[in-house]
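First comes the structure, then the notes that go with it.
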Amino acid sequence: MAIFEALDRLVTTSLAIPFFSLLAIGFIFSYLFQKPSFPSNAPPLTKESWPIIGSPAFFSERWSFYQRAHKASKSGHFSFYAGQNPVIGLSAVEESSRRLFFDSKALSAAEAYSVLLAGVPTVKRNIVVNPKSEDLNLTDKDAKLRYRMITMMKSEKLSGCIPWMIKDVRNALDELKKDPKAFTDPFQSIYRIVFQLTVRLSACDELADDPVLREQTLHYFEQIAGATSPLTIMFPWIPSWGKVMRTYGGVRLFMIFKKLTDQRKVGDKFNDTLQMLVNLKDTPVAVIEFVISSLFAGQNNTGIQGAWILTQLAHNIEWQRRVREEVVAVANEYCHDTELPLAERLSKVPFDAWDKEFPMIYLCLRETMRLGMPGTAFRKNISDQNILIPGTEEVIPPNTYVAMHVFDAHLNADVYDEPIKWDPSRYLPDRAEDKRQIYSWMGWGHGRHPCLGIRFARLEINMIIAFWFAYFEEFEHLDAAGNKASEAPAFNNDDVGTHLPQSKVYLKYNPS
């Protein structure tokens, strides 16, 4: 009997293992092949669509993919899958489409970015700080983040940072000035200046003032930023090395900020953002979420754009002259002692001037953002209704993502003359090309989704570019071999976000 019972158990076990294995495989294949289908009145599905993975070209050559899909669709709009996620590729050529994208209450930015950029998913809906708000896009967490960001961008907060920002920028440029090589990679040096300024505003002075801890924080931040891959977006449930590194970086950042927040709970009070978050009873996790969100918003844009501006200016003598004249004029307006070095005079410029003046620098920033942020803006239809795409009979179904490529607008020859040319003059009043159509320049967002950090981004750029001109009389672009470059490096239009040049860039400078 014992033998028969043992055989029975053996047979049962041997049958159970393949049965449950097949069941597990069945579930996996069911998940992989079962995608939400597009209704017949959605834009046509692109032919560049594969089982399981969807449209890989969306990740590898995004702008080229968009151009091909636009041309294959009569309306210019199309459908595709990013892994399992259904996405409507909404053309930004028409004003009406841009208005829908930026103004619709039913299109959520937070829920789209959390999935299509592999962020932290949003769980709750329709819970907002202001109970009278009708905005479907705000979750309780979104509302808190927005409230804290708005508080951080108030004049009294920003004005208090000006002396420290000036000190940070000047210390960094002093180091460059003392370097006997007299050249720098701006995508490293300018990037790090922006990181220090952003940390000082969005976190705390101890972190901004400690070069070792600041570099550690930057390392873990870049570890998290670099861990996102097409695989983590298409199949977030699959374990990957990127997920491990992302988690590890997050844990190390948690440890850094946990220690800093604990010091504020029991020790002296500080007048910085971290103290504000502690006073608001935010948890260490909420503190880290806010700081990382601020760093991502600023560093991946301002940190790179500042370097691109100087690289472009190295090849444009006319705009070098305009910017230098502007810097001297502002410095002289607030410090009449022209015997002082220009950097000393700039140090006396008040907050209001840094905040509202330097229009030529701002035009350089706008033009660099137009060409140098080849990204895609995302939304998600969080309503339970189809959203009609204006001028068509096509719809955005519920629970479907929307992706709009900024180059549809930024490289539109009907709006911008010679659209691939870097030319800040196109924004001057006599041309005003960006005013030819509504929402044709998308750098700071529009409508219900404006960039909340625009004031600080402009402060950073104004200060870095102005002091660069005060410190260095002349500068030129060197290539990777150390030779004078004949032209600025081309922007890679197929980049997914704001990225570094494809080859090394150096700026050789002559101190004033």
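Residue numbers (numbering that gives the first Met the number 0): 0 to 511. C-beta: ideal position from N, C-alpha, C; glycine also. It should be emphasised that the depicted structure is a prediction, and the values quoted were computed from it without experimental measurement.
Selection from the options that minimises the alpha carbon distance to residue i
i, options, result
"residue 309", "291, 212, 507", "507"
"residue 330", "445, 468, 421", "468"
"residue 88", "68, 290, 420", "68"
"residue 215", "351, 252, 295", "252"
"residue 485", "173, 180, 314, 264", "314"
"residue 159", "196, 387, 109, 85", "196"
"residue 439", "375, 466, 405", "405"
"residue 106", "347, 436, 74, 399", "399"
"residue 474", "510, 489, 90", "510"
"residue 90", "84, 72, 82", "72"
"residue 98", "61, 150, 403", "403"
"residue 86", "236, 232, 198", "232"
"residue 153", "492, 447, 350", "350"
"residue 262", "277, 332, 347, 248", "277"
"residue 200", "179, 380, 163", "163"
"residue 81", "179, 235, 147", "235"
"residue 75", "299, 500, 407", "407"
"residue 161", "481, 460, 472", "460"
"residue 365", "504, 336, 217, 432", "432"
"residue 150", "111, 218, 413, 451", "451"
"residue 255", "344, 217, 505, 466", "217"
"residue 112", "380, 409, 34", "380"
"residue 188", "56, 344, 172", "172"
"residue 34", "414, 84, 56", "84"
"residue 490", "307, 237, 36", "307"
Residue i and residue j closer than 8 Å at C-beta
i, j, result
"residue 322", "residue 341", "no"
"residue 204", "residue 269", "yes"
"residue 354", "residue 458", "yes"
"residue 423", "residue 363", "yes"
"residue 109", "residue 141", "yes"
"residue 376", "residue 275", "no"
"residue 396", "residue 50", "no"
"residue 103", "residue 386", "yes"
"residue 378", "residue 401", "yes"
"residue 374", "residue 304", "no"
"residue 421", "residue 311", "yes"
"residue 54", "residue 79", "yes"
"residue 426", "residue 176", "no"
"residue 492", "residue 92", "no"
"residue 287", "residue 325", "no"
"residue 437", "residue 94", "yes"
"residue 248", "residue 228", "no"
"residue 101", "residue 446", "yes"
"residue 466", "residue 339", "no"
Spatial distance of residue i from residue j (CA atoms)
i, j, result
"residue 282", "residue 185", "36 Å"
"residue 464", "residue 418", "24 Å"
"residue 121", "residue 258", "Below a pLDDT of 50, predicted positions are generally treated as unreliable, and residue 121, at 35, falls in that range; no measurement from the model is reported."
"residue 115", "residue 213", "29 Å"
"residue 206", "residue 290", "12 Å"
"residue 302", "residue 220", "13 Å"
"residue 48", "residue 64", "11 Å"
"residue 24", "residue 462", "Here the model assigns residue 24 a pLDDT of 49, short of 50, so the residue's position is not dependable, and the following value carries that caveat. About 58 Å."
"residue 260", "residue 144", "18 Å"
"residue 155", "residue 273", "16 Å"
"residue 284", "residue 246", "13 Å"
"residue 348", "residue 472", "20 Å"
"residue 131", "residue 382", "The predicted model places residue 131 with a pLDDT of 39, which falls under 50 and marks its position as unreliable, so this point remains unresolved."
"residue 230", "residue 52", "9 Å"
"residue 147", "residue 179", "43 Å"
"residue 504", "residue 479", "6 Å"
"residue 66", "residue 244", "34 Å"
"residue 62", "residue 434", "24 Å"
Those residues which DSSP pairs with residue i across a bridge
i, result
"residue 379", "107, 400"
"residue 243", "Answer is none; residue 243 lacks a bridge partner."
"residue 84", "81"
"residue 476", "506"
"residue 44", "78"
"residue 394", "387"
"residue 471", "510"
"residue 49", "53"
"residue 182", "507"
"residue 483", "477"
Test: residue i CB closer than 8 Å to a CB of chain C
i, result
"residue 281", "The structure shown has no chain C; it contains just one protein chain."
Tell me, please, whether the segment 387–394 touches the segment 41–57 by the rule of three or more beta-carbon pairs shorter than 8 Å.
yes
Can you find at least 3 beta carbon pairs, one from the segment 483–502 and one from the segment 449–456, that sit closer than 8 Å?
no
Count the CB pairs spanning the segment 190–199 and the segment 155–168 that are closer than 8 Å, and state whether there are at least three.
yes
Taking 8 Å as the cut-off, does the segment 220–228 touch the segment 293–300 (at least 3 CB pairs, one atom from each stretch)?
yes
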